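To keep things clear, I will list the structure first and then write my remarks on it.
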Amino acid sequence: MSTAPSIVILTGAGISAESGIDTFRDKGGLWEQHPVEEVATPEAFARNPTKVHDFYNMRRAGLSTVEPNAAHFALAQLEKEHDGAVLVVTQNVDNLHERAGSENLIHMHGELAKALCTNCGARHDWLVDLDEGVVCPACSRAGGMRPDVVWFGEYPYQMERIWDALAACDLFVSIGTSGNVYPAAQFVQQAKRASAKTLELNLEPSEGMWDFDDAVHGPATQIVPQWVANVLKA
Ligand code: BJW
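Quick note on numbering: the working numbering labels position 146 of the sequence shown as 150, and the sequence is numbered without any gaps.
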C-alpha cells in the first residue's frame, strides 16, 4: 500500500482565468455583467428561461475558443505521477481539466457541455445552443431541457463522495476560488477535522485564507506548476 499522501484539490474560476474564462466575483467578472439572481437560480430560469439560456449558450460557445493552461496540465501530471490518490473537485463548469488529462475529477457544480432534461432526468452531452423548444433525445418531450449546472439553492453533485475523500485525505489544496460559495467553502474545515494539511493557492488571499495552514499567492499558471513540481520531487 502506498504511503504517499492522498491529495484532494478544490479548484475554482481562478484556475481557468489565464485561459481566458471570466471569473465571477473579480472586477469585471460574470456577476458584474450578468446579475446572479437573473441567471443562476431556479427561480430565474422559471421566470425568464430565454435569458438564462442566452447566458449559458454564450459560455458554452466560448469553450471551443479556450485551451487548458499550465495549471490544468500540472494537476493532470500530478494525478499520473504521484504515488498516492489525487482527486480534483472542481466548481468550474468548463471542460479544461478533462481536456488537460485529469481523470479522477468531480464537477460539483455541473458541466456546461451537458444538458439535463427536467422531464425524464436524462443527461446528454451538449455542445450546441439550448432553448425552450429543444426536444430531449431520451423522452422526446420539448420544454424541459436546461443546462446541467448547479444553481443557488440546488444540491451540488457527488457530495457524499467528496465528503468521504476529504475525511480520508492527508492534504487539501484550494486553487483559484474566492471561498464565497458553500458547501465548497467548508471543505477546508472538513479536511482539518481529518487532520489533513491545508494549502491555499490563489491570486490573492481568499475570504477563508486564515483557515489554511499555508498559502501561496500568485497567478495559477506559475504557482500551481511550482507546487506540483515540489510534490513530485519530495
Ligand atoms: C486567480 C486568478 C489567477 C483570479 N490565478 N487565482 C448563507 C450562508 C451560508 C450559505 C448560504 C447562505 N445562503 C445561501 C447559502 C448556500 C449557497 C451559498 O453558498 N451562497 C453564498 C453566496 C452565501 N450555496 C448553494 O446554494 C449551493 N447549494 C447548497 O448549499 O445546497 C445545500 C447544501 C448544504 C450543505 C451541503 C451540501 C449542500 C449551490 C451553489 C451553486 C453555485 N453555483 C455557481 C453558478 C453555477 C455554475 C456556473 O454558472 O458556472 O457556481 S455560483 C458561482 O460561484 C459558480 C462557481 O462555481 C462558484 C464559486 O466561484 P469561484 O470559483 O470561487 O469564483 P470567484 O470569481 O468567486 O473567485 C475566483 C478567485 O480566483 C478569486 O479569489 C481570484 O482572486 C482568483 N483568481 N485570477 C489564481 N490567474
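Glycine is no exception: its CB is placed at the ideal position from the N, C-alpha and C atoms.
Fair warning: this is a prediction, and the values are worked out from it, not measured in the lab.
Straight-line gap, residue i to residue j (C-alpha atoms, nearest Å)
{"i": "Ser144", "j": "Met213", "result": "48 Å"}
{"i": "Phe28", "j": "Pro187", "result": "17 Å"}
{"i": "Lys196", "j": "Thr54", "result": "43 Å"}
{"i": "His128", "j": "Leu120", "result": "7 Å"}
{"i": "Thr148", "j": "Glu136", "result": "Note that residue 148 is Gly in the sequence shown, not Thr. Each residue's Cα considered, the two are about 7 Å apart."}
{"i": "Leu205", "j": "Leu34", "result": "22 Å"}
{"i": "Val139", "j": "Gly66", "result": "23 Å"}
{"i": "Gly157", "j": "Val43", "result": "13 Å"}
{"i": "Ala17", "j": "Glu71", "result": "14 Å"}
{"i": "Leu116", "j": "Ser20", "result": "14 Å"}
{"i": "Leu79", "j": "Glu208", "result": "20 Å"}
{"i": "Ala171", "j": "Val220", "result": "24 Å"}
{"i": "Ser199", "j": "Gln193", "result": "10 Å"}
{"i": "Phe77", "j": "Pro39", "result": "32 Å"}
{"i": "Ser182", "j": "Gly125", "result": "32 Å"}
{"i": "Lys257", "j": "Trp130", "result": "In the structure displayed, the chain extends from 5 to 238; residue 257 sits before or after that span and is not available."}
{"i": "Lys84", "j": "Leu14", "result": "18 Å"}
{"i": "Asp58", "j": "Ala238", "result": "47 Å"}
{"i": "Val12", "j": "Glu164", "result": "14 Å"}
Any non-hydrogen atom of the ligand BJW closer than 7 Å to residue i Cβ
{"i": "Glu164", "result": "no"}
{"i": "Ala169", "result": "no"}
{"i": "Val220", "result": "no"}
{"i": "Leu207", "result": "yes"}
{"i": "Glu22", "result": "yes"}
{"i": "Asn96", "result": "yes"}
{"i": "Glu158", "result": "yes"}
{"i": "Asn52", "result": "no"}
{"i": "Val70", "result": "no"}
{"i": "Val4", "result": "Given a span of 5 to 238 for the chain in the structure shown, any question on residue 4 remains unanswerable."}
{"i": "Trp214", "result": "no"}
{"i": "Phe28", "result": "yes"}
{"i": "Ser106", "result": "no"}
{"i": "Gly16", "result": "yes"}
{"i": "Ser182", "result": "yes"}
{"i": "Val154", "result": "yes"}
With 16 other Cβ atoms within 10 Å as the buried cut-off, status of residue i
{"i": "Arg150", "result": "buried"}
{"i": "Thr7", "result": "exposed"}
{"i": "Phe49", "result": "buried"}
{"i": "Tyr60", "result": "buried"}
{"i": "Gln162", "result": "exposed"}
{"i": "Gln37", "result": "exposed"}
{"i": "Met62", "result": "exposed"}
{"i": "Ala233", "result": "exposed"}
{"i": "Gly180", "result": "buried"}
{"i": "Asp218", "result": "exposed"}
> Which runs of the beta strand (DSSP E) fall wholly inside the region 157-213 and span at least 3 residues, in chain order?
Replying inline: 175-179 and 201-206
> Which runs of the alpha helix (DSSP H) fall wholly inside the region 12-98 and span at least 4 residues, in chain order?
Replying inline: 18-21, 34-37, 40-43, 46-51, 53-66 and 74-85
>> Extract the residue ranges of the alpha helix (DSSP H) inside the region 98-148, only unbroken runs of 4 or more that lie entirely within it.
In response: 100-104
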